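Here the sequence shown is numbered in this note's numbering, starting from 33 and rising by one per residue.
Beta carbons are placed, not taken as given, at the ideal position from N, Cα and C, and that holds for glycine.
Nothing here was measured: the structure is a model prediction, and the numbers come from that model.
Data block below; observations after.
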Amino acid sequence: MQEFNKNQIRMTIVSSVFLVLTIIVILLEDVMKKERFYSLIMLGLSFLLLGITQIVNYRSTKRVKNIILALIYIVIGIVNLVLIFTR
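Structure follows, in structure tokens:
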């Protein structure tokens with residue numbers, strides 16, 4: 033079984049809670065028929081947070097898969113935030 037350190041567990045919990053909050057905000061904006069702005073910002077930030085979590089996991093496991101996932105998540109998060117603020 034893979035051993036987790038405190039930073040890995042902490043970042044996994046924080047990113048999971050932030051993803052749940054993002055889903056709740058998306059649903060609230062959908063129910064209240066508001067334009068999606070805050071939920072898209074939260075979605076971009078949650079992708080950045082997922083990338084940071086993968087970097088923390090990479091530091092302890094040294095797997096290349098973690099750094100590739102981190103780069104993908106961070107690029108998606110940055111592109112999402114750029115598209116939100118340029119429209």
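query = Just how far apart, CA to CA, sit Gln40 and Val46?
reply = Locating residue 40 in the sequence shown gives position 8, counting from the first residue. Locating residue 46 in the sequence shown gives position 14, counting from the first residue. Computed Cα separation, rounded: 10 Å.
ask   = Arg68: beta carbon under 6 Å from a heavy atom of the ligand ATP?
value = Absent from the structure shown: the ligand ATP. Ligands present: none.
request  = Would you give the residue range spanned by the alpha helix (DSSP H) that Glu61 belongs to?
outcome  = If you number the sequence shown from 1, residue 61 lands on position 29. First-last of the alpha helix (DSSP H) with Glu61: Lys38 to Val63.
message = Using only the alpha-carbon positions, how far apart do Lys94 and Thr44 sit?
response = Walking along the sequence shown from the start, residue 94 turns up at place 62. Walking along the sequence shown from the start, residue 44 turns up at place 12. Between Lys94 and Thr44, the C-alpha separation is close to 17 Å.
key: Cβ contact (3+ pairs, closer than 8 Å) linking the region 101-113 and the region 55-71   = Contact fails: fewer than three Cβ-Cβ distances are below 8 Å.
ask   = What did DSSP end up calling Phe79 once you bin it into helix, strand or coil?
value = Position 47 of the sequence shown, counting from 1, holds the residue named residue 79. Assigned with DSSP and collapsed to three states, Phe79 falls in helix.
DSSP-derived helix/strand/coil call for Lys94 = For this step, residue 94 is matched to residue 62 along the sequence shown. Lys94 sits in coil when the DSSP states are folded into three classes, being neither helix nor strand.
ask   = With 16 as the cutoff for other CB atoms within 10 Å, does Asn37 come out buried or exposed?
value = On the sequence shown, residue 37 is found 5 positions in, with the first residue counted as 1. Residue environment for Asn37: exposed (fewer than 16 other C-beta atoms within 10 angstroms of its C-beta).
request  = Just tell me which of Gly83, Ser48 and Ser92 has its CA closest to the CA of Gly109.
outcome  = What you label residue 109 is simply residue 77 of the sequence shown in a count that begins at 1. Gly109 has its Cα closest to that of Gly83, out of Gly83, Ser48 and Ser92.
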